[in-house]
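S.K.:
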Amino acid sequence: MIDHLREVAQGRDDVRVECAGVIAGWWFADTARRGEDLIAAGLLMLAGHVDLDELDEWVRIGWERRRGASNPYPNGRRQDRADGDD
Numbered sequence: 100m101i102d103h104l105r106e107v108a109q110g111r112d113d114v115r116v117e118c119a120g121v122i123a124g125w126w127f128a129d130t131a132r133r134g135e136d137l138i139a140a141g142l143l144m145l146a147g148h149v150d151l152d153e154l155d156e157w158v159r160i161g162w163e164r165r166r167g168a169s170n171p172y173p174n175g176r177r178q179d180r181a182d183g184d185d
C-alpha cells in the first residue's frame with residue numbers, strides 16, 4: 100500500500116503532506132474519533148519524505164477547517180506562508 104501511495108504521488112511530497120496534514124488536523128479537531136482517518140494520514144506520511152514544518156501548517160489548517168475560524172488551533176497561531184516568519 101505504501102509503495103502504491105508513493106507511486107501515485109509521483110514525487111509530489113508537498114501534495115502528499117498536505118493531504119496527510121489536513122486529514123490529521125480534521126481528526127484531532129473532531130469529537131467523535133475513529134481511527135481510519137488517522138491511519139490514512141500515517142500511511143501518506145510513511146510513503147515518502149515529510150517536511151515537518153509543512154505538516155504542522157497543514158494540521159493547523161485541517162483543525163481550523165473542522166472547528167472553524169472562531170476556535171483556533173490550540174497553543175499556537177496560524178501564520179500565512181508569505182509572511183516570512185519561519
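Residues in the sequence shown are numbered consecutively from 100, following the numbering used here.
C-beta atoms are modelled at their ideal positions from N, C-alpha and C, and glycine is treated no differently.
It should be emphasised that the depicted structure is a prediction, and the values quoted were computed from it without experimental measurement.
For V116 and W157, which I take to be in contact (beta-carbon distance under 8 Å), what is that distance rounded to the nearest angstrom?
M.R.: Position 17 of the sequence shown, counted from the start, is the residue given in the question as residue 116. Position 58 of the sequence shown, counted from the start, is the residue given in the question as residue 157. Indeed, because the Cβ distance is near 6 Å, the residues count as touching under 8 Å.
S.K.: Label A181 either buried or exposed according to how many other C-beta atoms from any shown protein chain fall within 10 Å of its C-beta, with 16 as the threshold for buried.
M.R.: Sequence index remark: in the sequence shown, residue 181 carries index 82 (1-based). Confidence at A181 is low in this model, with a pLDDT of 43, below 50, so its placement is unreliable and no value can be given for it.
S.K.: With hydrogens ignored, establish whether the beta-carbon of F127 is closer than 6 Å to any heavy atom of the ligand GTP.
M.R.: The model on display carries no ligand, and the ligand GTP is accordingly not part of it.
S.K.: Around the Cβ of A146, are there at least 16 other Cβ atoms within 10 angstroms (buried) or fewer (exposed)?
M.R.: Walking along the sequence shown from the start, residue 146 turns up at place 47. A146 is buried by the Cβ-count criterion.
S.K.: Are W125 and L137 touching if we call contact CB-CB under 7 Å?
M.R.: Position 26 of the sequence shown, counting from 1, holds the residue named residue 125. Position 38 of the sequence shown, counting from 1, holds the residue named residue 137. Cβ atoms of W125 and L137: not closer than 7 Å.
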